[in-house]
DNA sequence: GCCGAACCGTAACGTACGGTACGCTATCTG
DNA sequence: CAGATAGCGTACCGTACGTTACGGTTCGGC
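Residue numbers (our numbering), protein chains in the order written: chain A, 1 to 217; chain B, 218 to 434.
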């Protein structure tokens, strides 16, 4: 049986068939939410329940494996911050904001966050930790080098990268994620996401941009 | 049987005994999350299951009634924005921010949001609508008059109150709510909440404060 | 004091679903 | 080709829980 750990590298030990099963489970999770049954997963994946139990131990094991499997797929290449000008910094920030909005508004992200939130209350909050680790904390890890590079280049001014990141996070996400999780119909087209990303970036630069003399009006 | 509507005034038709039952259900919901049983509610409330079903129809009815009951209790008196100076505006904003952080970090809020998120996926998303209506949208309704008054007084500068509110919301909440919902241990003492409220307010004023000439550094 | 309504406590029912056992087929290994 | 192993399909078991039914008790009205 696979060990359910918070480590992402667990997914490297998966055979192709197992990945296919997890993909089926993921699709079912997106469609039906947390109330999916083992029989439904088995039927969708064209495998037997016994195999599910042999591979993943029990229902929670299957769920965590599915979440980890999806989480391992959204790894994004970090950007390098060399030769950083104001234009490239804003471009990087806008890109991060846009990527993040696209992620949290995707069906799979909503489904995964829903099931993780549901399970966070009862005992083993493994799911929540995994989602958080590959979502918000992964974003922080990828964005902080950019912020630090911006500070090194004299473009940004902050004392703590963590608080700067959290402000950026708040300006980008605002109430989007909680509204989507609570089932609010909130249309995010490609265009509005771009606009929101640009707005958040400008606001962030207005707050944390290094002051190069008195600001004009 | 009580009708389960999104209207808050449904709670006015509740007898004292029913309110006591819903309070018991609420406490149990905070303790055990969504996986509470009807027998547990009946035992805790010292009432019979038959009464629960007669009053609330079924399990979902009980849950929605509980959520509406709690939602109806957090009504807060709106502040009036007359004789508004910069000091009183910042005080109001800080107070809103502090109140909001206190709300979303409370056990009952976390529990209610958890159960609402869990139920948002499957069909009738009544719970999510109720939580959203009495949480984020109620806050907006109470805060927007303050923002408008600030604009009337020449202290704030924005084109749309909704977007201004959403930025304020993001600066205040940042990643707090999603982290709490996902089970992240995130200590919010009274002191840190006050500091966060002040920081968010200053950031908001830096973004939306009316520019009265060139800013000093 | 009697009647009906409301309600408590609990026993019972039905079912859905997690988990297991078993028979069968296909593929690999010697 | 014989045996072993992996895995599919399915039937089955146990249990938890939503839902209902029923006997006993309190209480307001006549």
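Glycine residues also receive a C-beta, built at the ideal position from the N, C-alpha and C atoms.
Own chain residues within Cβ distance below 6 Å of residue i, not counting five before or after
i, result
"residue 171 of chain B", "A question about residue 171 of chain B goes unanswered here, because the residues of chain B that appear run from 218 up to 434."
"residue 134 of chain A", "71"
"residue 153 of chain A", "84"
"residue 95 of chain A", "none"
Beta carbon proximity, residue i to chain A, threshold 7 Å
i, result
"residue 403 of chain B", "no"
"residue 426 of chain B", "no"
"residue 414 of chain B", "no"
"residue 279 of chain B", "no"
"residue 246 of chain B", "no"
"residue 399 of chain B", "yes"
"residue 348 of chain B", "yes"
"residue 356 of chain B", "no"
"residue 360 of chain B", "no"
Residue nearest to residue i in terms of C-alpha spacing, selected from the options
i, options, result
"residue 185 of chain A", "B:411, B:407 and B:342", "B:342"
"residue 171 of chain A", "A:85, A:63, A:100 and A:151", "A:100"
"residue 450 of chain B", "B:374, B:272, B:245 and B:246", "Here chain B covers residues 218 to 434 and nothing more, so residue 450 of chain B does not appear."
"residue 421 of chain B", "B:314, B:370 and B:404", "B:314"
"residue 237 of chain B", "B:249, B:367, B:286 and B:354", "B:286"
"residue 122 of chain A", "B:282, B:327, B:371 and B:385", "B:327"
"residue 166 of chain A", "A:137, A:83, A:51 and A:188", "A:137"
"residue 55 of chain A", "A:73, A:36, A:14 and A:44", "A:14"
"residue 337 of chain B", "A:32, A:16 and A:88", "A:32"
"residue 372 of chain B", "B:406, B:304 and B:410", "B:304"
"residue 163 of chain A", "A:179, A:29, A:140 and A:190", "A:140"
Proximity test, Cβ basis, 7 Å: residue i and chain B
i, result
"residue 177 of chain A", "yes"
"residue 203 of chain A", "yes"
"residue 125 of chain A", "yes"
"residue 36 of chain A", "no"
"residue 164 of chain A", "no"
"residue 101 of chain A", "no"
"residue 97 of chain A", "no"
"residue 206 of chain A", "yes"
"residue 174 of chain A", "yes"
Sequence-distant residues of its chain with Cβ nearer than 8 Å to residue i (five each side left out)
i, result
"residue 265 of chain B", "259"
"residue 284 of chain B", "329, 332, 333, 344, 347 and 348"
"residue 173 of chain A", "100, 101 and 104"
Nonlocal neighbours in the same chain, by C-beta distance under 7 Å from residue i, ignoring five residues either side
i, result
"residue 39 of chain A", "49"
"residue 63 of chain A", "115 and 127"
"residue 241 of chain B", "258, 261 and 262"
"residue 144 of chain A", "161 and 165"
Check each residue of the region 325-338 of chain B: if its Cβ is closer than 9 Å to any Cβ of chain A, include it; give the result in chain order. 327, 328, 330, 331, 332, 333, 334, 335, 336, 337 and 338
Continuous alpha helix (DSSP H) assignments of at least 4 residues falling wholly in the region 41-67 of chain A: 49-56
Secondary structure, alpha helix (DSSP H): runs of 4+ residues fully inside the region 66-150 of chain A: 86-104, 107-120 and 126-132
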